[in-house]
């Protein structure tokens, strides 16, 4: 294609979903997206391919999300070559095809889709976009969650025909509390909806903008609290010059806009809603309140790092009893950070314990080693094999979820690691503990101090796992460098002095007489100065003769001093 590189004009798979025992696949198809069904075992195409427009982006660099729910395909992507028309689209089911309004900045403004998931009667879309509710000269990117009803049938022929009547969105609040909140505005990844301590929650990985203090954070949101925000007040801008304000309750029409139609009610279908309600939804998609983070603070915060965290997977069934939560965070440098999440007494917040950092990128298995080649495209967890799958531009790497062998012969190191995947077994070794194992073992995941009474592991080489090892220098290396620098510097200085002295011109005609004359004149000046009320006389050398005492043949005696 004209204006594109050859590497871009290929078929990049952007949608891969399980459907009816087979696979539903969509690809860019050299900027002509197509979708088709394939058998799972033989990967043979079944049926005819369908257009990928509004289901798959044209450009492989454009973000998209997709899932099947109630027999229909829900997608978040762009519908055009230039990625101007962003859309949430429903298709391929018994329900009518619906989309968001085209080219309306109140609905979407340069969105970057991150994930989509089904919860209750809604489909939730997580993304980031340019905010329109702030009056700043520069663009402000914020993270959002939007939802639509699965039962939405579109509006009437007058308003929102073949368009969503239940589309609403709210801002996600991931921040450090204080007098002035410190926000992590850019959403990069989310977990699936997981059940923890009686709550349905979702974890999100956020970062600061590029022009801010570098930092990443993991924030957790309660789905009940998230859904409650969509029952709150709406936000509006009455004129292009006015600020955004909450909509008064008495200005909201009935039935409440954005709700799902209920069978048996007065309005059992969205197509029968009054025009007033449909127009309100069309012009007021933004909620006033933000979605609060669970526990009022992030679970994990990492600032001032040399790389950004962009990928995340969560194992809520870690350890032999499947009762531990481990968080794996992937960075732009290809490394994996591993955290243990320990719940506090209120079961709302968690304390994070950094376990280790693992180098995920393998130059020997990948084509090249460069910053672009190290970009982590995706991170997933294979629970059956207890491994992580890391996708890079040129390779796929499999990593174990634990490295118990690093502590294989040291009980103190094994227990102090607090790794729920590892335990000290009867064979006097640190071993991986499979779920449900009946072998006796020792662990100290909760506190990590049960090994304090044990002796150090002399003679055992242990790997030091640091957040940023490249920013630290060994003390031995510093001492050796300082000694070497001093020794070499002294030797070079001595050689330089010897060379200068050996090549310096000498004047033998003045010889000792010049030296004695200099001494006599110095004594005379000092003796004369002593009779001037203790004043100090400055004595300088004429002609800049390079500092030689005999003047080097350049008229270099002391300057004549005239006394009053």
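Residue numbers (the numbering used here): 2 to 565.
We treat Cβ as the ideally placed atom computed from N, Cα and C, and that holds for glycine.
What you are looking at is a predicted structure, and each value in this text was computed from that prediction instead of being measured.
Residue i (DSSP reduced to helix, strand or coil)
| i | result |
| --- | --- |
| residue 352 | strand |
| residue 337 | strand |
| residue 423 | strand |
| residue 214 | coil |
| residue 489 | helix |
| residue 1 | With the chain running from 2 to 565 in the structure shown, residue 1 is simply not present. |
| residue 208 | strand |
| residue 264 | coil |
| residue 346 | coil |
| residue 280 | helix |
| residue 316 | strand |
Sequence-distant residues of the same chain with beta carbon closer than 6 Å to residue i, five excluded per side
| i | result |
| --- | --- |
| residue 16 | 27, 57, 67 |
| residue 313 | 190, 206, 330 |
| residue 38 | 23, 25, 47, 48 |
| residue 11 | none |
| residue 430 | 409 |
Straight-line gap, residue i to residue j (C-alpha atoms, nearest Å)
| i | j | result |
| --- | --- | --- |
| residue 412 | residue 446 | 14 Å |
| residue 168 | residue 199 | 28 Å |
| residue 457 | residue 434 | 24 Å |
| residue 107 | residue 236 | 11 Å |
| residue 343 | residue 172 | 28 Å |
| residue 21 | residue 224 | 28 Å |
| residue 290 | residue 401 | 42 Å |
| residue 426 | residue 372 | 41 Å |
| residue 294 | residue 220 | 6 Å |
| residue 301 | residue 340 | 9 Å |
| residue 69 | residue 442 | 43 Å |
| residue 211 | residue 185 | 11 Å |
| residue 8 | residue 136 | 41 Å |
| residue 133 | residue 354 | 38 Å |
| residue 250 | residue 279 | 17 Å |
| residue 417 | residue 318 | 21 Å |
| residue 254 | residue 242 | 25 Å |
| residue 118 | residue 428 | 45 Å |
| residue 296 | residue 391 | 31 Å |
Neighbour-count burial assignment, residue i, 16 or more Cβ in a 10 Å radius
| i | result |
| --- | --- |
| residue 336 | buried |
| residue 404 | buried |
| residue 59 | buried |
| residue 385 | exposed |
| residue 421 | buried |
| residue 322 | exposed |
| residue 328 | buried |
| residue 502 | exposed |
| residue 46 | exposed |
| residue 378 | exposed |
| residue 97 | exposed |
| residue 53 | buried |
| residue 178 | exposed |
| residue 222 | buried |
| residue 444 | buried |
| residue 365 | exposed |
| residue 44 | exposed |
| residue 181 | exposed |
| residue 489 | exposed |
Contact set for residue i: own chain, Cβ-Cβ below 8 Å, skip 5 residues either direction
| i | result |
| --- | --- |
| residue 55 | 76, 78, 80, 88, 90, 92, 100 |
| residue 308 | 332, 333, 334, 336 |
| residue 305 | 214, 215, 216 |
| residue 375 | 333, 334, 335, 362, 393 |
| residue 51 | 35, 36, 37, 93 |
| residue 276 | 157, 159, 160 |
| residue 439 | none |
| residue 240 | none |
Among the options, nearest to residue i - alpha-carbon criterion
| i | options | result |
| --- | --- | --- |
| residue 1 | 31, 51, 106 | The chain is shown from 2 up to 565; residue 1 falls before or after that span and cannot be answered. |
| residue 270 | 118, 210, 154, 165 | 154 |
| residue 315 | 376, 338, 19, 283 | 338 |
| residue 283 | 148, 368, 165 | 165 |
| residue 238 | 232, 231, 246 | 246 |
| residue 84 | 194, 95, 94, 104 | 104 |
| residue 174 | 125, 226, 395, 193 | 226 |
| residue 369 | 253, 396, 444, 358 | 396 |
| residue 41 | 140, 74, 234, 19 | 19 |
| residue 95 | 102, 109, 72 | 72 |
| residue 147 | 112, 163, 318 | 112 |
Cut-off 7 Å between Cβ atoms - residues of its own chain near residue i, not counting five sequence neighbours on either side
| i | result |
| --- | --- |
| residue 150 | 122, 123, 167, 261 |
| residue 14 | 26, 28 |
| residue 324 | none |
beta-carbon residue i near the ligand COA non-hydrogen atom, thresh 7 Å
| i | result |
| --- | --- |
| residue 396 | Among the components of this structure there are no ligands whatsoever, and the ligand COA is therefore not found. |
Interface flag, residue i vs chain D, CB-CB below 8 Å
| i | result |
| --- | --- |
| residue 362 | Absent from the structure: chain D. Only one protein chain is present. |
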